[in-house]
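Have a look at the structure below before the remarks.
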Amino acid sequence: MSRITKQQKEENYQKLNSVILDIFLSEGWGKVTYDRISKVTGLRKSTLQGYYPSNSDFLVALKGNLKGIMLSELDFGSKRNLLSSWETALNKKEFNFVIEMFISHCVSSEPTPIAHQAMESFHQAIAKALPNENTADIMVQLFGHAVIAPMRDTMSDKRPIYQPS
């Protein structure tokens, strides 16, 4: 079997990153698996593992793309605007996939450094936009809302989770 050049390996890696991003944005983090990527690309799982030794390495493919998806949906003009825009954004598939992925990585037994960096970056964005607010409290409200929101349809009280006072 012939070996590929460094340049070809980098080109393949960029193409794989694009495939991973496409799968993530259309199907969610749970569908970003060796099996799924193999099916889309036609590559063997062992070949994919040469690029991504573990599932958590798939995050690298998403790293530069998620912040824009997330922040573009949010209004940082005030705490009220942020909470309200968050609730609206949770109804958008791509935004919801980003938040679900963050939550799953943050609550795992071994949170990844990339997920930690992303959460820290989001925390800093809130702190910069709303310097007089309790940023940690806002984060709890936002991500708590994201955990509860999928169950909203099965709850007896159907009112929006966030109601401005």
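With UniProt numbering, the residue at position 6 of the sequence shown is 6, and numbering never jumps. Virtual Cβ for every residue (Gly too), placed ideally from N, Cα, C.
(message) Quick check on the burial criterion: 16 or more other C-beta atoms within 10 angstroms. Buried or exposed for isoleucine 126?
(response) To locate residue 126, count along the sequence shown from 1; it is residue 126. It counts as buried.
(request) Could you say which of Met101, His116, Ser78 and Gly77 lies nearest to leucine 25 if we only look at CA atoms? (result) If you number the sequence shown from 1, residue 25 lands on position 25. Ranking Met101, His116, Ser78 and Gly77 by Cα distance to leucine 25 puts Met101 first.
(request) Using three-state DSSP, classify threonine 112 as helix, strand or coil. (result) Against the sequence shown, residue 112 aligns to sequence position 112. Note: threonine 112 maps to coil in three-state DSSP.
(request) Please check the pair lysine 79 and leucine 142, which I expect to be a contact at CB under 8 Å, by giving their CB distance rounded to whole angstroms. (result) Within the sequence shown, the letter at position 79 stands for residue 79. Within the sequence shown, the letter at position 142 stands for residue 142. Not quite, the Cβ-Cβ distance comes to about 10 Å (not below 8 Å), so this is no contact.
(message) Helix, strand or coil for arginine 3? Go by DSSP, reduced to three states.
(response) Taking the sequence shown and counting its residues from 1, the one referred to as residue 3 is at position 3. In the three-state scheme derived from DSSP, where H, G and I count as helix and E and B as strand, arginine 3 is classed as coil.
(request) Kindly indicate which three-state DSSP category proline 150 falls into: helix, strand or coil? (result) Within the sequence shown, numbered from 1, the residue matching residue 150 stands at position 150. Three-state result, proline 150: helix.
(request) Hey, could you find the ends of the alpha helix (DSSP H) arginine 82 is sitting in? (result) Walking along the sequence shown from the start, residue 82 turns up at place 82. Arginine is not the amino acid found at residue 82; the sequence shown has leucine there. Note, leucine 82: alpha helix (DSSP H), 79 to 89.
(message) With the cut-off set at 8 Å, would you say threonine 41 and leucine 16 are in Cβ contact?
(response) Reading the sequence shown from its first residue, position 41 is the one you call residue 41. Reading the sequence shown from its first residue, position 16 is the one you call residue 16. Taking 8 Å as the Cβ cut-off, threonine 41 and leucine 16 qualify as a contacting pair.
(message) Taking a contact to mean a Cβ-Cβ separation below 8 Å, would you say valine 98 touches methionine 139 in this structure?
(response) For this step, residue 98 is matched to residue 98 along the sequence shown. For this step, residue 139 is matched to residue 139 along the sequence shown. No, the Cβ-Cβ distance between valine 98 and methionine 139 is not below 8 Å.
(message) Please tell me whether leucine 62 and isoleucine 20 are closer than 8 Å, where the distance is taken between their beta carbons.
(response) Translated into positions along the sequence shown, residue 62 becomes position 62. Translated into positions along the sequence shown, residue 20 becomes position 20. Cβ distance < 8 Å, so leucine 62 and isoleucine 20 count as in contact.
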